[in-house]
Amino acid sequence: MTRPRFLPDNFTLTLIGVVVLASLLPASGQVAVGFGWLTNLAIALLFFLHGAKLSRESIIAGAGHWRLHLLVFSLTFILFPLIGLALKPLLSPLIGDDLYMGMLYLCALPATVQSAIAFTSLARGNIPAAICSAAASSLFGIFLTPLLVTLLLNVHGEGGSTLDAILKISVQLLLPFIAGQIARRWIGAWVARNKSWLKFVDQGSILLVVYGAFSEAVIEGIWHQIPLWELAGLVVVCCIVLGLVLLASTVLGKAFGFNQEDRITILFCGSKKSLATGVPMAQVLFAGSTIGVLILPLMLFHQIQLMVCAVLAQRYANRPESVVELMAQVDP
112 MTRPRFLPDN
122 FTLTLIGVVV
132 LASLLPASGQ
142 VAVGFGWLTN
152 LAIALLFFLH
162 GAKLSRESII
172 AGAGHWRLHL
182 LVFSLTFILF
192 PLIGLALKPL
202 LSPLIGDDLY
212 MGMLYLCALP
222 ATVQSAIAFT
232 SLARGNIPAA
242 ICSAAASSLF
252 GIFLTPLLVT
262 LLLNVHGEGG
272 STLDAILKIS
282 VQLLLPFIAG
292 QIARRWIGAW
302 VARNKSWLKF
312 VDQGSILLVV
322 YGAFSEAVIE
332 GIWHQIPLWE
342 LAGLVVVCCI
352 VLGLVLLAST
362 VLGKAFGFNQ
372 EDRITILFCG
382 SKKSLATGVP
392 MAQVLFAGST
402 IGVLILPLML
412 FHQIQLMVCA
422 VLAQRYANRP
432 ESVVELMAQV
442 DP
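One rule links them: number in the working numbering = place in the sequence shown (from 1) + 111.
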């Protein structure tokens, strides 16, 4: 049967189911401790496979487009945080202080890898540049996100050891990624052949983290702390932030003279925030606190960005082919 268009994808439905499960049967005590170890192993495996999948040739092919990468980085790590801070008078009363903190955390995160590249490919953008930009954003985010979180949370009087957070995130995320890059020469072909089912490692690790985070949040009383009108306001806020970044990406791409393919890459790489990176990072950056509320904005934003970008990518895909694309087909 054909899926009705108004329904989310399978992963989003599963994500909702995990939140419901955690609300009804939260993990606690020794079960939660064991679950935490299992989650850490799953995250390490996730980033190991990311390293094994990413081709160094693709990175080199797109690395020279420094103007595009600089603009994407500016959108991801400068514009997003500035929007979060500038909209505080609107966001804080509308969604409350806790969810606003989650929005600030979202604004500090790196871009996605898989969806940014997938949408760029569908829309016939500059795929090598998208691969390089998205991968670099994910790696640099390991160092930049803790710095941005410290800076943004200092506005609210929060502190913490940024260096310690960077070290922990590097051990949990960067080292497995490097190990995957080293192992690529032996397992790269196997990973490429089996990517259709290995995607469940990505999704499974996120589901494990979300279940653990919301289990702790439910035990702490998350659903008694957040009224329904704040959740509705959060959806509106995510749409506003995404809309502003998409508009800025389009305007700046044209203003700096990028061609159509590059503008598509800027749009889809500069407007994304990574759920796969953001959820495990939250475990490290906010250790000892309830992260369920903090990752709720990210979960909603993730789904909204996928839905909106899917529509935009399809519209770009239906445009007439350019002379450059036609020549590439004749003489690849």
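No residue lacks a Cβ here, since even glycine has one placed at the ideal position from N, Cα and C.
Proximity of residue i and residue j at Cβ, strictly below 8 Å
i	j	result
residue 158	residue 287	yes
residue 188	residue 259	yes
residue 411	residue 320	no
residue 210	residue 404	yes
residue 427	residue 133	no
residue 163	residue 245	no
residue 138	residue 326	yes
residue 390	residue 160	no
residue 179	residue 375	no
residue 127	residue 344	no
residue 277	residue 254	yes
residue 417	residue 226	yes
residue 408	residue 217	yes
residue 122	residue 314	yes
residue 352	residue 194	yes
residue 387	residue 230	no
Residue i to residue j span [Cα, whole Å]
i	j	result
residue 384	residue 142	31 Å
residue 356	residue 296	38 Å
residue 331	residue 322	14 Å
residue 257	residue 396	7 Å
residue 328	residue 135	12 Å
residue 394	residue 368	40 Å
residue 289	residue 379	26 Å
residue 264	residue 430	43 Å
residue 419	residue 144	38 Å
residue 202	residue 349	10 Å
residue 243	residue 310	20 Å
residue 186	residue 381	5 Å
residue 148	residue 366	48 Å
residue 177	residue 183	10 Å
residue 300	residue 165	11 Å
residue 302	residue 155	16 Å
residue 415	residue 275	33 Å
residue 292	residue 337	42 Å
residue 341	residue 298	47 Å
Classification of residue i by the beta-carbon crowding that lies within 10 angstroms, buried from 16 upward
i	result
residue 282	exposed
residue 197	exposed
residue 362	exposed
residue 237	buried
residue 307	exposed
residue 130	buried
residue 373	buried
residue 222	buried
residue 239	buried
Entirely enclosed alpha helix (DSSP H) segments - the region 115-193, minimum 4 residues: List check, alpha helix (DSSP H) in window: 121-135, 140-164, 167-174 and 177-185.
Length at least 4, wholly inside the region 195-262: the alpha helix (DSSP H) runs in chain order: 199-218 and 225-233
Any alpha helix (DSSP H) of 4 or more consecutive residues that is wholly inside the region 346-392: The qualifying runs are 371-381.
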